[in-house]
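Student: The structure is given below, and queries will be raised subsequently.
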Amino acid sequence: MIANHGAALVVITVGAAFVNGALGYGFSSITVPLALLFLSNQALNPALVVLEVALNAYVLWTNRAALPRVWLRVLPVTIGLAPGVVLGTLVVARASPDWLKLLTYVALLPLVLVQAAGYRRPIQAERSAGLMFGGGLGVLYAVTTISGPPLAVALNNQGFSKQEFRAALGVVRLAESTLAAIAYLAAGLFVRESLGLLPWIVPSVLVGVPLGAVAIQHVRSETFRRVCMSFDAWIVSFGVSTLLRQLHLVDGRAAFAVMAGVVAVDAWLLYRFFSRVPIPMVTHAA
């Protein structure tokens, strides 16, 4: 399978690594919707989890100066991850590949649209809410290898500085990827097909991450994030529509009504976002 799609996987993962280098997250949320068009979760997830252990360790290391200010605040989320990861791993090990893909896309779609809408609402009871949020996040990550969108929404609302945000993100995501790797290993999910993806993906990460880190210094980060979320929404909605037709839940062109609806909603969100973005005025010296 991968021999026929190796070039596509390289292009996808270079782009995803570029986004991750720029934002500190986004590798899986870009890779998964596209790669699931030709791979199963059971093949893709273990390879991504291994890579994300390294990626998240890198994010945490580069923002380690802020670690003393954030680790206690994200500790409840981190503790809540473990039971969720175990439950999610059981789902991956036992679910039908096509139904698991559909579950992944359906779970992602509202998360991507919420982030695209720029939702902001601070969480008041961080400790109690953090444990519950961590459990849900653990299930989501183990099933999809994606947690960036909901985690970014939660952390963006808590008043962190840019470095504190990235450090907090690094703590939680390193914990969840490490726990998922252990759970996948215990469940026997590290098979030859999964490990065979790594030679195609690792070079892409080594190229894309530093390029993204450099590029974001010259681009407004919120605009870049917003465009990435739009792209993600379109791909996820395409995946939902395709699987609805493949599983004969909705036949014919009607299946693509989901994609049409998402594109319409996102187009409105894009218009609203860019109508509020200040346009820099160019002045000329006399």
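Sequence positions in the sequence shown follow the working numbering and run -19 to 266. Heads up, the beta-carbon is just placed ideally off N, CA and C, and yes, glycines get one too. As the structure is a computational prediction, the values presented were derived from the model and not from experiment.
1) Can you find the residues in the same chain that come closer than 8 Å, C-beta to C-beta, to P63, ignoring five residues on each side of it along the sequence?
2) Taking S255 as part of the alpha helix (DSSP H), name the residues at either end of that continuous run.
3) What are the boundary residues of the alpha helix (DSSP H) that includes S184?
4) What residue from T11, F211, D246 has the CA that sits closest to A97's CA?
5) Helix, strand or coil for Q138 per DSSP?
6) For F218, report the span of its alpha helix (DSSP H) as first-last.
7) Tell me whether H264 is buried or exposed, calling it buried when 16 or more other Cβ atoms sit within 10 Å of its Cβ.
8) Any idea if V238 is buried or exposed, counting beta-carbon neighbours within 10 angstroms, 16 or more meaning buried?
9) Looking at the structure shown, is L169 part of a helix, part of a strand, or coil, going by DSSP?
10) Going along the chain, which unbroken runs of the alpha helix (DSSP H) with 4 or more residues stay wholly within the region -6 to 60?
11) Expressed to the nearest angstrom, what Euclidean distance is found between the alpha-carbon atoms of V194 and N0?
12) Cα separation between V199 and V(-9)?
13) So, helix, strand or coil for D231, using DSSP?
14) Write down the C-beta distance between V72 and N136 rounded to the nearest angstrom, noting that I regard them as a contact closer than 8 Å.
15) Can you tell me whether T125 is helix, strand or coil according to DSSP?
16) Excluding the five sequence neighbours on either side, which residues of its own chain have a C-beta within less than 6 Å of the C-beta of S221, listed in chain order?
17) Which residue wins for smallest C-alpha separation from A147, given the options S76, N43, G4, L175?
18) Could you tell me whether the region 53 to 68 touches the region 172 to 185, where touching means 3 or more Cβ pairs closer than 8 Å?
19) Residues in the same chain with beta-carbon distance under 6 Å from G(-14), minus the five sequence neighbours each way, listed in chain order, please.
20) By alpha-carbon positions, which one of V152, R74, Q143, Q226 ends up nearest to A2?
21) Which class does S76 belong to by DSSP, given the choice of helix, strand or coil?
22) Can D212 and S9 be called in contact, C-beta distance under 8 Å?
23) So what's A267 in DSSP terms, helix, strand or just coil?
Tutor: Here's the rundown:
1) In the sequence shown, the residue the question calls residue 63 occupies position 83. Within the same chain, P63 has close Cβ partners G115, G118.
2) Counted from its first residue, the sequence shown places residue 255 at position 275. Run containing S255: 237 to 256, per the alpha helix (DSSP H) assignment.
3) The sequence position of residue 184 within the sequence shown is 204, counting from 1. Its alpha helix (DSSP H) spans residues 178 to 195.
4) The residue given as residue 97 occupies position 117 in the sequence shown. Cα-wise, what sits closest to A97 is D246.
5) The residue given as residue 138 occupies position 158 in the sequence shown. Coil.
6) Looking up residue 218 in the sequence shown gives position 238. It spans 201 to 226 - the alpha helix (DSSP H) in which F218 sits, taken as one unbroken run.
7) Position 284 of the sequence shown, counted from the start, is the residue given in the question as residue 264. Residue confidence for H264 is low, a pLDDT of 42 falling below 50, so the modelled location carries little weight; the figure read from the coordinates is stated next. Looking at its Cβ environment, which holds fewer than 16 other Cβ atoms inside 10 Å, H264 is exposed.
8) Indexing the sequence shown from 1 puts residue 238 at position 258. The residue is buried, with at least 16 neighbouring Cβ atoms inside 10 Å.
9) The residue given as residue 169 occupies position 189 in the sequence shown. Residue state, collapsed to three classes: coil.
10) 7 to 15, 21 to 42
11) Working through the sequence shown from its first residue, we reach residue 194 at position 214. Working through the sequence shown from its first residue, we reach residue 0 at position 20. Distance between the alpha carbons of V194 and N0: 12 Å.
12) Walking along the sequence shown from the start, residue 199 turns up at place 219. Walking along the sequence shown from the start, residue -9 turns up at place 11. Roughly 22 Å between the two C-alpha positions.
13) Looking up residue 231 in the sequence shown gives position 251. The answer is coil: DSSP assigns D231 none of H, G, I, E or B.
14) The residue given as residue 72 occupies position 92 in the sequence shown. The residue given as residue 136 occupies position 156 in the sequence shown. 28 Å between Cβ atoms; not a contact.
15) As a position in the sequence shown, residue 125 is number 145, starting the count at 1. If DSSP states are grouped into helix, strand and coil, T125 belongs with coil.
16) Working through the sequence shown from its first residue, we reach residue 221 at position 241. Counting only Cβ-Cβ distances below 6 Å, and skipping sequence neighbours, we find A235, F236, V238, M239.
17) Looking up residue 147 in the sequence shown gives position 167. That would be N43, whose Cα lies nearest to the Cα of A147.
18) no
19) By one-based count along the sequence shown, residue -14 stands at place 6. Once the five neighbours on either side are set aside, the close Cβ partners of G(-14) are W180.
20) Position 22 of the sequence shown, counted from the start, is the residue given in the question as residue 2. Closest option to A2, Cα to Cα, is Q143.
21) In the sequence shown, counting from the first residue as 1, residue 76 sits at position 96. Here S76 sits in coil by DSSP.
22) As a first step, residue 212 is located in the sequence shown; it is residue number 232 there, counting from the start. As a first step, residue 9 is located in the sequence shown; it is residue number 29 there, counting from the start. Yes.
23) A question about residue 267 goes unanswered here, because the residues of the chain that appear run from -19 up to 266.
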